[in-house]
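Data block below; observations after.
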DNA sequence: TCCGTACAATTTGGAGCCGAACGACATCTG
DNA sequence: CAGATGTCGTTCGGCTCCAAATTGTACGGA
């Protein structure tokens, strides 16, 4: 139902709405499906393995990053996990309360906080990650290994494009104009 | 930096952590990159075109769905936009307050609410969508049209796999056990 | 030693988001 | 035509998230 057909139809309707102004169909389909897939995958993983371990997606990602990279400074963890520093403060404190994560001050630089897993956290990851990876395999079950590689590679190029040229592009678009404040969140100045 | 290399490295570290238990690398890479790409794309679009129009991602998606499909019942809009009914209630009311969306009762079935764009909403979409689509093209600029098609197709298969077999899979995994309540949200019963 | 600057994490404000419970309405059944 | 059952959208509780403002620490030069 909302697969190939409805997306194609949506594109045609969009074109009609624009009175002949051309739409970049393929690029539109990539973005739309990236987002659909991300939601579907996240929801499946949260409702299968993560809920049983009482972890949110973000909490799992944070644990995973620290597990893989070992003791790390919070800003690196936030960057790698794809969340803001502010969010990480809350998440890491929750995980600390649950005894999965340790937060320690840096020995010489008092501004830094180092995150590492507790033994309990390590155990959890040894138990949960294999199940998580099983479900990753499940969601990708309609793709063979080569297709996985090529999809992953295409997505990597999207990420790189944004990381390398996104900032510059945004500046060019605004062209010196005010960056436009965010609707939500704390108000600037006032 | 966090491109091909660091992901591959992460996978090796993960395997080491598991003491030889095999990891499904390619499937893991697909999931990881779907999520990274979704975040990157959303952030870029929010910070470029959407912020200027004072729209969040979700608000834009809702407007887009109603624009494309015309007057629609809320549950269909929620489904198509990939958000819960409860979220849609809030978002649609915000958009109504801003004069972009109309909420009307169904003429014969009093339970339903129909959403449609106001003239102002239509104008906004005619103005914003082309810019949005331009940025979709920008984020996909490293992919040629064929690659776009094949990535989109691969992602579509992921979405279908979850939509068609996800529920069944989750039930099989829990195997009759309690579905494990969500940590957040309103508590059952009590 | 005392600034000023730089950069760290944290706090804070506002919106998003899910899913259980709820109330309103529709429809089926006897 | 009443009650049971089902299906809407809405409400509500708790958590997630971002980014501005804030707080705290480091370190360079006067």
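Residue numbers (the numbering used here), protein chains in the order written: chain A, 1 to 190; chain B, 1 to 190.
The beta-carbon is built from N, C-alpha and C at its ideal position, and this holds for glycine as well.
All values reported here derive from a predicted model rather than from experimental measurement.
Item, Value
"Under 8 Å between C-beta atoms of residue 161(B) and residue 139(A)", "yes"
"Contacts of residue 136(A) in chain B (Cβ-Cβ under 8 Å)", "24, 27, 28, 30 and 31"
"When 23(A), 14(A) and 18(A) are compared against residue 137(B), the one with the closest alpha-carbon", "23(A)"
"Below-8 Å beta-carbon distance, residue 17(B) vs any chain A residue", "yes"
"Start and end residues, alpha helix (DSSP H) containing residue 141(B)", "Unbroken run through residue 141(B): none, as it is neither H nor E."
"Beta-carbon gap between residue 37(B) and residue 21(A) smaller than 8 Å", "no"
"Start and end residues, beta strand (DSSP E) containing residue 104(A)", "101 to 105"
"Residues sharing a beta bridge with residue 194(B), DSSP", "Here chain B covers residues 1 to 190 and nothing more, so residue 194(B) does not appear."
"Extent of the continuous alpha helix (DSSP H) run through residue 88(A)", "85 to 97"
"Partners in chain B for residue 44(A), counting only beta-carbon separations shorter than 7 Å", "162 and 166"
"Exposure of residue 1(B), with buried meaning 16 or more beta-carbon neighbours within 10 Å", "Note that residue 1(B) has pLDDT 37, beneath the 50 cutoff, so the model's placement of it is unreliable and no number is given."
"Under the three-state DSSP convention, the category residue 110(A) falls into", "coil"
"Contact residues within the region 111 to 130 of chain B, judged by C-beta distance below 9 Å to chain A", "122, 125, 126, 129 and 130"
"Contact set between residue 147(A) and chain B, taken where Cβ atoms lie within less than 7 Å", "154"
"Cross-chain neighbours of residue 37(B) in chain A, by beta carbon under 7 Å", "34, 155, 158 and 159"
"Buried versus exposed, by CB contacts within 10 Å (16 or more), residue 119(B)", "exposed"
"Cβ-based neighbour list, residue 62(B), same chain, cut-off 6 Å, excluding 5 preceding and 5 following", "81 and 91"
"Selection from 31(B), 18(B), 49(B) and 112(B) that minimises the alpha carbon distance to residue 169(A)", "49(B)"
"Start and end residues, alpha helix (DSSP H) containing residue 53(B)", "Unbroken run through residue 53(B): none, as it is neither H nor E."
"Per-residue burial, residue 19(A) [other beta carbons within 10 Å of its own, 16 or more giving buried]", "exposed"
"Cutoff 8 Å: residue 101(B) Cβ touching any chain A Cβ", "no"
"Buried versus exposed, by CB contacts within 10 Å (16 or more), residue 172(A)", "exposed"
"Opening and closing residue of the alpha helix (DSSP H) in which residue 23(A) lies", "That residue, residue 23(A), is in no alpha helix (DSSP H); it is neither H nor E in DSSP."
"Residue 44(B) vs residue 135(B) beta-carbon contact at 8 Å", "yes"
"Range of the contiguous alpha helix (DSSP H) that encloses residue 184(B)", "Element bounds for residue 184(B): n/a, residue is neither H nor E."
"Contact with chain A by residue 14(B), beta-carbon distance below 8 Å", "yes"
"Same chain only: Cβ atoms within 8 Å of residue 100(A), ignoring 5 sequence neighbours per side", "63, 117, 118, 120, 121 and 124"
"Proximal residues of chain A, C-beta to C-beta of residue 139(B) below 7 Å", "31, 158, 161 and 162"
"CB contact below 8 Å: residue 187(A) versus chain B", "no"
"Cβ-Cβ separation, residue 149(B) to residue 73(A) (assumed contact under 8 Å), whole Å", "Not quite, the Cβ-Cβ distance comes to about 41 Å (not below 8 Å), so this is no contact."
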